[in-house]
Every structure is written in structure tokens, then in C-alpha cells.
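Here the structure comes first, spelled out in C-alpha cells, and everything after it is commentary.
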Amino acid sequence: MARDDDKMLVEACLRGDRHSFDKLVDRYEGPLFSAAYRITGSVEDAMDATQNAFVNAYEKLHTFDPSYRFFSWIYRIAVNESLSLVGRRKEQTELTEDTPAKGRGPVEVFDSNEARGVLKLALLELEPHYRTVIVLKHLEGFSYREISELLEIPEKTVKSRLFTARQRLRVILTKRGFAP
Amino acid sequence: MNTDRLEALLWARIDGTIEPDELAELDAHLAEQPEPREIERQITTIVEELDGLGKVQPPPELRGRIDGALANANPPTAHPTAASPTRSRPAWTARWLPLAASLLIGVTVGYLLHPGTGGSIDHSGVTGTMLTPTDQWEAAPVEIHLEAGADSVSVSRVGADVVIDVTLTTEIDLEVTLAGAEGPVHFAGLNTTNGSATEVTTEQGWVSVRTIGPGALILAASAAETDEILRLQVSIDGIPIEERWIGPTRNEIER
Numbered sequence: 001m002a003r004d005d006d007k008m009l010v011e012a013c014l015r016g017d018r019h020s021f022d023k024l025v026d027r028y029e030g031p032l033f034s035a036a037y038r039i040t041g042s043v044e045d046a047m048d049a050t051q052n053a054f055v056n057a058y059e060k061l062h063t064f065d066p067s068y069r070f071f072s073w074i075y076r077i078a079v080n081e082s083l084s085l086v087g088r089r090k091e092q093t094e095l096t097e098d099t100p101a102k103g104r105g106p107v108e109v110f111d112s113n114e115a116r117g118v119l120k121l122a123l124l125e126l127e128p129h130y131r132t133v134i135v136l137k138h139l140e141g142f143s144y145r146e147i148s149e150l151l152e153i154p155e156k157t158v159k160s161r162l163f164t165a166r167q168r169l170r171v172i173l174t175k176r177g178f179a180p
Numbered sequence: 001m002n003t004d005r006l007e008a009l010l011w012a013r014i015d016g017t018i019e020p021d022e023l024a025e026l027d028a029h030l031a032e033q034p035e036p037r038e039i040e041r042q043i044t045t046i047v048e049e050l051d052g053l054g055k056v057q058p059p060p061e062l063r064g065r066i067d068g069a070l071a072n073a074n075p076p077t078a079h080p081t082a083a084s085p086t087r088s089r090p091a092w093t094a095r096w097l098p099l100a101a102s103l104l105i106g107v108t109v110g111y112l113l114h115p116g117t118g119g120s121i122d123h124s125g126v127t128g129t130m131l132t133p134t135d136q137w138e139a140a141p142v143e144i145h146l147e148a149g150a151d152s153v154s155v156s157r158v159g160a161d162v163v164i165d166v167t168l169t170t171e172i173d174l175e176v177t178l179a180g181a182e183g184p185v186h187f188a189g190l191n192t193t194n195g196s197a198t199e200v201t202t203e204q205g206w207v208s209v210r211t212i213g214p215g216a217l218i219l220a221a222s223a224a225e226t227d228e229i230l231r232l233q234v235s236i237d238g239i240p241i242e243e244r245w246i247g248p249t250r251n252e253i254e255r
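Those protein sequences? They're chains A and B, same order as listed.
Just so we're aligned, residue 1 is where the first sequence starts under our numbering, counting upward by one.
Just so we're aligned, residue 1 is where the second sequence starts under our numbering, counting upward by one.
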């Protein structure tokens, strides 16, 4: 339903109805920001990645292949924007659990669950391409196939990368005393 | 059962992809040994906590920023071009095959005459991340020497026609992916020698070749445009080690 509806909105936008794209922003701003935040670990970077994704998608909307899902297309753009921002960030060590709250107000309710806080830090310790597959699989709920399409890598690579990411995450968490 | 195998089975059980015989193997192992139970508890806790992280909501000001940026953005082209991998190209095959064949011969002869002496390599370019193309692209041909011995990946190009030549002398799990910067790359053929290719994917504008050496692999492809900048990504054991943006040859740039 959403897929067909997305296509109609894209077509309307290409015919000059700019407000049709606003509806796509309404629909996907949240999911794109959430993924970008988990990948970048920074509210500011996640906002930049989300904004850039929508602008790039809008300007290149005529290149969108309607035989594919619009959400997959723009989500891939957002993931690439996020990874690009992570790569450009000079001081990776600035990533801390406090970063999201800097001057932006809480975007999520930080509970007092210590284990969850340790987990968030451990995720940020992972290399970006490992963090990304963990985010896409466990937080966003994508299948191997969907991750393969989003990251434009073979499904086998997704599996091997996810296996390594999970191993490294467990090692980091064990060192931090997270494990029961 | 070693730890890698144990973890693989535990995660497969969580993913729901474990086979019945694997499940029996896992259950038996967990019943016999106390230490695997610890790893099982760790993994279960990780999954539970990951599930608990949930979604984050964007700050309210984000929408205003997006709207502002869109107001200043260039509107899309009025008529969709539906960048489909099946987009037709008149007389494509007839135009491409002779070029590809000559390139294949040229690359092979080049290796025979000048083994290990590829073009100069600029490693100061883009590496490691999926950047959008900038002015950091390199003119073709581009050769990437891998860490192991004489192993290399080279990319030759004549206009839109591209040849990727992979030479492996050692047993490594190598993956090469080529994609268009803003649109699909059209792939029409694959030519392998020594049968070292184990996996080839061609769909939706990108091609990925995974090979476990030793051997040689030659892949022919075609960009959408003669001046399109292509993204080449090389991974070993699933980890990206090189990412380069490759443009036309210097002669074609100067033309």
C-alpha cells in the first residue's frame, strides 16, 4: 500500500507537485533519522545525514527506478550519507553517550538501564561498517537480503560482516563487564 | 566445537536460520559443557538489550531544516528516466564486444610484457568509506596492489567500456564491486580465466565479484556514459580496504 502510494507521490512530484514530496518527508523522516543516529552516534550528524538524504533524493528523483521501493532507495541514500559523515568526522573520540543531549534536548528517553548505556557505547566502538549491519539487522529489523540491497554488497558479505560485528560487539561488552 | 562455530549456531538459532541437525548439535553441546552456556547468556542479553534500544525520534527542528533545504534545492527533472538496468542501448552489443575484446587482449599482453609494473598509484584518494564522488576521482587506468605479493586489481577503460582485471597468487577472499556514481553501470559480459570466480552478481547498476585465489579474473562492463565516474570497492574477508573513484583516461579528459 505504502509502496504504491509512494510511487504516486513520486510521480506527482515529478509532474511539479512539490508538496507531494513533503508527504514522503512526513513518512520517512523518523525512520531515516533513527538509522542515521544509530550509525553516526550524533544528533547533529544524524540531522545532517537525514536532511542531505532528502535533498539528494529530491534533486535526483527522476533517477528513481519505480520498480523498486522508494523507501529502500532513500534509506540507502541516508545510510551512505551517514557513513560518509562518520568517515569525515575527525575526532571519533568525541562520540560519547552524552553527545545526543548536547544543546538539542533529549531525542530519546535515556533510561537508567546501565546495561543499555554500555551497549550504546559499545556500538559506537565498532567500526562504522560493522555498526551499520548491527543497526540494520537488530534495530531496524531488515533481512539479510534487504541489507544487501541497502548497502549494495552481496548477501554473503552481509552475513560474514554481521557475524564479525556480533563477535566484536560481544568481546567489547565482555570487557566492559556487560555480560551476565 | 570451537567458539566460532558455537557463536555461529547461537546466532543462527536467534535469526531462525539454524538447520535441524545444527540445532541438535548445539543442544547437545550446551547440555554437555558449562562454558558455552555463558556465551549463550551473553548473546541472549545482547539481543534483548538491542531490542530494547528501539527507535529515536528526530528533534522537532529537523523538519524545518529539511523544508528549508528543499526550498533551495534544484527541482527534479520533469520526466522520469527510470534508471533501469535494462535500459536499452541501440547496437550496444555490437559496439561493446570488439572494444572489450581488444581491452582484454591489451590488459593481458600488458601483464605478460610488464608483469607487476602497473601505472602509478595514488593512495591519497578516497578510502574506506562510501563517499559521494567529489573531485577526488582518478583518471583510468587504475591499479591497486593488494598486500599479498603480486596480487592486484586493475581497471582499464575506453570511454564507457571498462575492464577489471584481478590477479591473485594467494588464497584470499577478495570481493570487487563496481558501481556508477549516480546511475547504473551496464554490465553485459563476464570473462573469466582459470575459473577462479566463485560468485558474480550483476543487478541494478552494480557488479560484485567474489573470488578466492589463486587465479586471474577478467570482468568486462560498461558505464552509462563515457565520462561517468565509477566507484570501485575492494574488500578482503568482507572488510573494505580500498575505495576509488575512477574517471575516463587522461587522453579522453584532455580531448
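Even for Gly, the Cβ is constructed at its ideal location relative to N, Cα and C.
>> For His129(A), count the other beta carbons within 10 Å of its own beta carbon; 16 or more makes it buried, fewer makes it exposed. Which is it?
In response: By the neighbour-count rule (16 or more Cβ atoms within 10 Å), His129(A) is buried.
>> Check for me: the alpha helix (DSSP H) holding Leu83(A) runs from which residue to which?
In response: 70 to 88
> Which one of Thr174(A), Leu173(A), Ala165(A), Ile172(A) has the shortest CA to CA distance from Gly238(B)?
Replying inline: Ranking the options by Cα distance to Gly238(B), first place goes to Ala165(A).
> What in chain B is Cβ-close to His129(A), meaning under 8 angstroms?
Replying inline: Within chain B, the residues placing a beta-carbon under 8 angstroms from that of His129(A) are Ile239, Pro240, ordered along the chain.
>> Can you tell me where the alpha helix (DSSP H) holding Trp245(B) begins and where it ends?
In response: Element bounds for Trp245(B): not the alpha helix (DSSP H) but the beta strand (DSSP E), 239 to 249.
> Quick one: is Leu23(B) buried, meaning 16 or more other Cβ sit within 10 Å of its Cβ, or exposed?
Replying inline: exposed
> Would you call Ser82(A) buried or exposed, if buried means 16 or more other Cβ atoms sit within 10 Å of its Cβ?
Replying inline: buried
>> Less than 9 angstroms between CB atoms is the rule here; does Trp245(B) satisfy it with respect to chain A?
In response: no
> Can you round the beta-carbon distance between Arg170(A) and Ile46(B) to whole angstroms, since I take them to be within the 8 angstroms contact cut?
Replying inline: 6 angstroms
> Residues of chain A with a CB under 8 angstroms from the CB of Ala8(B): which are they?
Replying inline: Phe163
>> Taking only three categories from DSSP, how would you classify Glu228(B)?
In response: Glu228(B) falls in the coil class under three-state DSSP.
> So, Glu143(B) versus Val162(B), is the Cβ gap smaller than 9 angstroms?
Replying inline: no
> Of all the CB atoms in chain B, is at least one closer than 9 angstroms to the CB of Ser20(A)?
Replying inline: Chain B, which has no Cβ nearer than 9 angstroms to the Cβ of Ser20(A), makes this no.
> In the DSSP assignment, what are the bridge partners of Ile152(B)?
Replying inline: The sequence shown places Ser at residue 152(B), not Ile. Answer by DSSP bridge pairing, in chain order: His145(B), Thr167(B).
>> Looking at the secondary structure, which residues open and close the beta strand (DSSP E) in which Glu138(B) lies?
In response: 138 to 140
> What's the call for Met47(A), buried or exposed, on a 16-neighbour Cβ count within 10 Å?
Replying inline: buried
> Taking Glu228(B) as the reference, which of Asn74(B), Ile246(B), Ile241(B), Ser235(B) has the closest Cα?
Replying inline: Ile246(B)
> What does a CB cutoff of less than 7 angstroms around Ala139(B) pick up in its chain, not counting 5 residues either side in sequence?
Replying inline: Gly247, Pro248, Thr249, Arg250, Ile253
> How would you label Ala82(B), buried or exposed, when you count the other beta carbons within 10 angstroms and need 16 or more for buried?
Replying inline: Confidence is the limiting factor: at Ala82(B) the pLDDT is only 34, short of 50, which leaves the residue's position unreliable and the question unanswerable from this model.
>> With a threshold of 9 angstroms between beta carbons, is Tyr75(A) in contact with chain B?
In response: Contacts with chain B at 9 angstroms (Cβ-Cβ) do not include Tyr75(A).
>> For the region 25 to 55 of chain A, list every residue whose C-beta sits within 7 angstroms of some C-beta in chain B, in sequence order.
In response: Val25, Glu29, Gly30, Phe33, Ser34, Tyr37, Val43, Met47, Thr50, Gln51, Phe54, Val55
>> I need the straight-line Cα distance from Val143(A) to Glu225(B), nearest angstrom please.
In response: The sequence shown places Ser at residue 143(A), not Val. Those two C-alpha atoms are separated by around 33 angstroms.
> Can you name the start and end residues of the alpha helix (DSSP H) that Glu25(B) belongs to?
Replying inline: 20 to 32
>> So, for Thr157(A): in the same chain, excluding its five sequence neighbours on each side, which residues have a beta-carbon less than 8 angstroms away from its beta-carbon?
In response: Ser148
> Of all the CB atoms in chain B, is at least one closer than 9 angstroms to the CB of Ser160(A)?
Replying inline: yes
> In its own chain, which residues sit with a C-beta less than 7 angstroms from the C-beta of Phe64(A), not counting the 5 before and 5 after it?
Replying inline: Val10, Phe70, Trp73
>> Just to confirm, is the Cβ distance from Leu119(A) to Val133(A) under 9 angstroms?
In response: no
> Near Glu33(A), what residues of its chain come up, given a Cβ to Cβ distance below 6 angstroms and the 5 sequence neighbours on each side ignored?
Replying inline: Correcting the residue type first, residue 33(A) is Phe in the shown sequence and not Glu. Around Phe33(A): Ala46, Thr50.
> On the premise that Tyr58(A) lies in contact with Ala73(B), defined as a C-beta separation below 8 angstroms, what is that separation, rounded to the nearest angstrom?
Replying inline: 5 angstroms
> Mapping DSSP to helix, strand and coil, what is Arg37(B)?
Replying inline: helix
> Nearest to Thr40(A) by alpha carbon, out of Leu85(A), Arg161(A), Ser160(A)?
Replying inline: Leu85(A)
> Can the beta-carbon of Val166(B) be found less than 9 angstroms from the beta-carbon of Val158(B)?
Replying inline: no
> Under a Cβ-count criterion, where at least 16 other Cβ atoms within 10 Å of its own Cβ denotes burial, should Arg37(B) be classed as buried or exposed?
Replying inline: exposed
>> Counting only beta-carbon separations shorter than 9 angstroms, does Arg63(B) have a partner in chain A?
In response: So yes, Arg63(B) belongs to the interface.
> What do you get for Cys13(A), buried or exposed, if any count of 16 or more other CB atoms within 10 angstroms of its CB means buried?
Replying inline: Answer is buried; the Cβ neighbour count reaches 16.
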